[in-house]
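All residue numbers for the sequence shown refer to the working numbering, where the first residue is 3 and numbers rise by one.
Here's the structure, in structure tokens; my notes come after.
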Amino acid sequence: MLTLSSLAPAELARRLAHGGIVLQTGAYTTHLESSVPSVAHGLGLLYGSYPLHGADAFADFHLQVVRPAGLRRWWRPQVLLMHNGDSLFKPLPLAQAFPMFEWGLNWCVSSRVHDCLIIHAAVLERHGRALILPAPPGSGKSTLCAALAHRGWRLLSDELALVQLADGRLQPLPRPISLKNASIPLMQSYLGGAVFSPSVADTVKGTVAHLQAPPDSVARWADTAAPGWIVFPRYQAGAATALTALPKAPTVLTVAQNSFNYSLLAERGFEAMAGLVGAAQCYSFVYSQLDEAVELFARLAEQP
3 MLTLSSLAPA
13 ELARRLAHGG
23 IVLQTGAYTT
33 HLESSVPSVA
43 HGLGLLYGSY
53 PLHGADAFAD
63 FHLQVVRPAG
73 LRRWWRPQVL
83 LMHNGDSLFK
93 PLPLAQAFPM
103 FEWGLNWCVS
113 SRVHDCLIIH
123 AAVLERHGRA
133 LILPAPPGSG
143 KSTLCAALAH
153 RGWRLLSDEL
163 ALVQLADGRL
173 QPLPRPISLK
183 NASIPLMQSY
193 LGGAVFSPSV
203 ADTVKGTVAH
213 LQAPPDSVAR
223 WADTAAPGWI
233 VFPRYQAGAA
243 TALTALPKAP
253 TVLTVAQNSF
263 NYSLLAERGF
273 EAMAGLVGAA
283 QCYSFVYSQL
293 DEAVELFARL
303 AEQP
């Protein structure tokens, strides 16, 4: 199958603007149409290894990133994200077009996919077992995820843990990792030659940039993983690296609070959550040094 990298930048921009493209992202396909140059640039930079389908292929999600008509095209230009012809969010400044696409795709999965229990968490895999990192914004989750994804762990997702209702396994959704504020220069230094999108300032999340998902993680988008560990990370400046075991009963409640569709799934959601926590080792984790964190999780992965 062709990948997006098979298109030259000019051809990618032309197809996006005239009919759109159908891109495979994990188990889902997205039809995207946009004439905004930064969207074409971001896709070409970060999605080169993703499978590309024919323009008439079935798509789970249909998105358009468009500029509003009228004076807004010229005075403080803005951008809209459309889903099936309807606007998803309030208009944002034109410079935020590519992050808006990323946020919109997260919304599509978290609000439309219900054959999985969906948790706001990063997920990585090693030796067939999944490490699930649920955490609120500002916890250092994405920073830790980015480091592990480039230090021996396979990236399943930076934002959405998809627990399959049928078998309790974690379904991959490998996409670019969203980094914010001070984490951006930190990871640019830490990861050396890794590929980052240009930073975009003044978003609702501060300054954001996206880190390319490792191509081998993208290639293994169909390989699910068994639950291994649920770890609640927290970055704390100057703190010693510490991993502390947690009891399972309160862990169920805490993870449920981080779920998008736990209540909607009702009994199936409870069974999936109980199965997930029951199969995993549960911890809280505090860190300030990435190298120490990476070493600790490498040791954890080697334990039976």
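For every residue, glycine included, the Cβ atom is placed at its ideal position computed from N, Cα and C.
Return the chain-ordered list of same chain residues with a C-beta closer than 6 Å to the C-beta of residue 134, the five sequence neighbours on each side being excluded. In the sequence shown, the residue the question calls residue 134 occupies position 132. Excluding residues within five positions, the ones whose Cβ falls inside 6 Å are 123, 125, 163, 232.
Three or more beta-carbon pairs under 8 Å between the stretch 243-254 and the stretch 278-291, yes or no? The answer is yes - the stretch 278-291 touches the stretch 243-254, with three or more Cβ pairs under 8 Å.
Out of 211, 199, 29, 193, which one is the CA nearest neighbour of residue 293? On the sequence shown, residue 293 is found 291 positions in, with the first residue counted as 1. Ranked by Cα distance from residue 293, the first of 211, 199, 29, 193 is 193.
Below 8 Å between beta carbons: does that hold for residue 101 and residue 197? Here residue 101 is taken as the residue at index 99 of the sequence shown, counted from 1. Here residue 197 is taken as the residue at index 195 of the sequence shown, counted from 1. It is not a contact, given that the beta carbons lie outside the stated cut-off.
Quick one: Cα of residue 195 to Cα of residue 45, how far? What you label residue 195 is simply residue 193 of the sequence shown in a count that begins at 1. What you label residue 45 is simply residue 43 of the sequence shown in a count that begins at 1. Each residue's Cα considered, the two are about 18 Å apart.
Enumerated in chain order, which unbroken segments of the beta strand (DSSP E) with a length of 3 residues or greater are wholly contained in the stretch 263-291? For the stretch 263-291, whole beta strand (DSSP E) runs of length 3 or above, ordered along the chain, are 283-289.
4-residue-minimum alpha helix (DSSP H) runs that sit fully inside the stretch 64-132, ordered along the chain: Restricted to the stretch 64-132, the alpha helix (DSSP H) segments that are unbroken, complete and at least 4 residues in length are 99-114, listed in chain order.
Element boundaries [alpha helix (DSSP H), containing residue 259]: Position 257 of the sequence shown, counted from the first residue, corresponds to residue 259. The continuous alpha helix (DSSP H) containing residue 259 extends over residues 250-259.
Taking the alpha-carbon of residue 42 as reference, which of 22, 26, 27, 30 has the nearest alpha-carbon? Stepping through the sequence shown from its first residue, residue 42 is reached at position 40. The shortest C-alpha separation from residue 42 is found at 22.
Pairs of beta-carbons, one from the stretch 103-112 and one from the stretch 128-148, closer than 8 Å: are there three or more? No, the stretch 103-112 does not touch the stretch 128-148.
Do three or more CB pairs link the stretch 214-230 to the stretch 260-272 at distances below 8 Å? Contact between the stretch 214-230 and the stretch 260-272 is absent, with fewer than three C-beta pairs closer than 8 Å.
Spatial neighbours of residue 276 within its chain, please: C-beta separation below 8 Å, excluding the five flanking residues on both sides. Here residue 276 refers to the residue found at position 274 when the sequence shown is read from its first residue. Correct list, in chain order: 254.
Could you check where the alpha helix (DSSP H) with residue 46 kicks off and where it finishes? Sequence index remark: in the sequence shown, residue 46 carries index 44 (1-based). Segment 39-48, the alpha helix (DSSP H) holding residue 46.
Just the Cα atoms here: how many angstroms apart are residue 56 and residue 79? Here residue 56 refers to the residue found at position 54 when the sequence shown is read from its first residue. Here residue 79 refers to the residue found at position 77 when the sequence shown is read from its first residue. Answer to the nearest angstrom: the Cα atoms are 32 Å apart.
Are there 16 or more other CB atoms within 10 angstroms of the CB of residue 156, so buried, or fewer, so exposed? Numbered from its first residue, the sequence shown carries residue 156 at position 154. It is buried - the Cβ of residue 156 has at least 16 other Cβ atoms within 10 Å.
Tell me whether residue 138 sits in a helix, a strand or coil according to DSSP, three-state version. The sequence position of residue 138 within the sequence shown is 136, counting from 1. Residue 138 sits in coil when the DSSP states are folded into three classes, being neither helix nor strand.
So, is residue 130 buried or exposed, given that buried needs 16 or more other C-beta atoms within 10 angstroms? Locating residue 130 in the sequence shown gives position 128, counting from the first residue. So residue 130 counts as exposed.
Residue 51 by DSSP, collapsed to three states: which one? For the purposes of this step, residue 51 is taken as residue 49 along the sequence shown, with counting starting at 1. Correct three-state label for residue 51: coil.
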